[in-house]
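Chemist:
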Amino acid sequence: MIESKTYAIKSALDQIKKDSVSEKWQFLLLSTSEAIGILENESLFHQLSKYKMREMILVPIQVSLESRNAKLNADALTALEAFIDSEFLYDDPKGPIADTDLTFQFLDTISPCTIFSDLIQTSFLKICLDLNSKFVATRNKEMASVAQTTLVQTVEAFVTKNNALIGGEAAELNSRSSPKFVYDTIFEESTKPSELSDPQLQILGVLKCLIESVLPDNMANLNKTAIPFYLQAIATIVSLLPISMIKQRVFLNILWQRMCPMLMWFLSNPKQEKTITSTSDLQSPTRQSGEKQTMGTASSVAPPTLLPEGLKFVYDIVIDLAFLVGPICELRPMLESLFHKMLLYPPPTFRQNALNTVCRLLSTPEGLLSITGPLVFMSSPSENSDDCFEPPPVEFSGPQMPDFRIFNM
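So, in structure tokens, the structure goes:
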């Protein structure tokens, strides 16, 4: 009777047992055997509380994750997926949420692990999303909220651990409370060229994977209820990015090649494109030939297709990008387009949330300077550099008046 319920998780634990026969993994072998024994013993299966059973099953999974062994890491991910899909491990959805809830035990299992590769981290996020979707499907909003919190905490733990390994920034970057001041980093002179560090690559790998998951071309088979959680994960990473990342060309490329199109898509209403009207005079005779053209003043009669919950995360991403890359000249057109989409594209009744978010940018000196201070050109690396990994030198375009064009709509 219990075999059909426990087959998937038992098979995953069996694989961990097979791969832990070395003397080095004696504790792992013992804990795995104990967990399998519980699943095979019908008397113990019905006698143990679900909390205790989950605890026994998660011990070998956690040890496998912490092993730094590629095969055991892969086995642990398979076991975690089977764990989430095992209905017999879930508590009564009508009962109160306790500290021993499945989602809390899941977070406790993965949080002590030292550092994960971008592949493992992406798998964690997928498992969190599956967990959330399961609770959304059963209309258990409270449990779905716990799963969502687990997702955010998983992302925060990953980025924070990698930030701590980036030299000189650990103390500064562990908090969102203090606004980023980009000019401090821009004015720093690099003593020697440096490639992207492994922690930076880990962060960018996860960020790029999440962005590509919600690009328009990749959303055909994506559960629509999962979109806000992908956006929240992206927003969490962007809010915690180390400032030194702006000196990495590969990061800037991700922003304008991947993130900007993704954000523009969510701020639009593709089905209503034909209703867009433009009030800008493109043939204005008063325009000087050398004057920079703005993004226009087009607007739509329909709001963005994304629900307000998801739009909030899009707005947060845009504002954090303004803090991070606002002074960088090459990315200013990207920010102008995003601010235009946020503030003028939707009908007036749908602009309040965007305006409230912009207030966060305008309420701090750092935010004001990021959009009105002197623009900086981040020069491209030389042709001899390897894969654009050298931090580009900084060039100023000469004395400038404060640049308010980002709001010139």
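Residue numbers (the UniProt record's numbering): 1 to 409. The beta carbon of each residue, even a glycine, is placed where N, CA and C say it ideally should be. Here the structure is a predicted model, which means the values were calculated and not measured.
So, residue 233 versus residue 325, is the Cβ gap smaller than 7 Å?
Modeler: Going by C-beta atoms, residue 233 is not nearer than 7 Å to residue 325.
Chemist: With 16 as the cutoff for other CB atoms within 10 Å, does residue 217 come out buried or exposed?
Modeler: Its Cβ having fewer than 16 others within 10 Å, residue 217 is exposed.
Chemist: If I measure Cβ to Cβ from residue 263 and keep anything under 7 Å in the same chain, skipping five residues before and after, which residues do I get?
Modeler: Excluding sequence neighbours, residue 263 sits near 314, 317, 318, 338.
Chemist: From this set, 199, 348, 358, which residue's C-alpha is nearest residue 323's C-alpha?
Modeler: That would be 358, whose Cα lies nearest to the Cα of residue 323.
Chemist: Just curious, the alpha helix (DSSP H) that residue 253 is in, first and last residue?
Modeler: Element bounds for residue 253: 249–254.
Chemist: Cα-Cα, which of 252, 20, 57, 366 is closest to residue 67?
Modeler: For residue 67, the nearest C-alpha among the options comes from 20.
Chemist: If I follow the unbroken alpha helix (DSSP H) through residue 34, where does it start and stop?
Modeler: First-last of the alpha helix (DSSP H) with residue 34: 26–40.
Chemist: Can you tell me the Cα-Cα spacing of residue 38 and residue 18, whole angstroms?
Modeler: Near 18 Å, if we compare the C-alpha coordinates of residue 18 and residue 38.
Chemist: Taking residue 57 as the reference, give the member of 87, 77, 13, 69 with the closest Cα.
Modeler: Answer by Cα proximity: 13.
Chemist: Would you mind sorting residue 27 into buried or exposed? The rule is 16 or more other CB atoms within 10 Å of its CB.
Modeler: So residue 27 counts as exposed.
Chemist: Nearest CA to the CA of residue 321: which residue from 352, 360, 353, 350?
Modeler: Of the candidates 352, 360, 353, 350, the one whose C-alpha sits nearest the C-alpha of residue 321 is 360.
Chemist: Is residue 21 helix, strand or coil by DSSP?
Modeler: In this structure, residue 21 counts as coil in the three-state DSSP scheme.
Chemist: CB residue 203 to CB residue 159, shorter than 7 Å?
Modeler: Cβ atoms of residue 203 and residue 159: closer than 7 Å.
Chemist: Taking the alpha-carbon positions, what's the residue 35 to residue 55 distance?
Modeler: Using only the alpha carbons, I get a separation of about 9 Å.
Chemist: If you measure from the CB of residue 79, is any heavy atom of the ligand FMN nearer than 6 Å?
Modeler: The ligand FMN is absent from the structure shown, which contains no ligands of any kind.
Chemist: Can you check whether the CB of residue 341 is closer than 7 Å to the CB of residue 267?
Modeler: Contact: yes.
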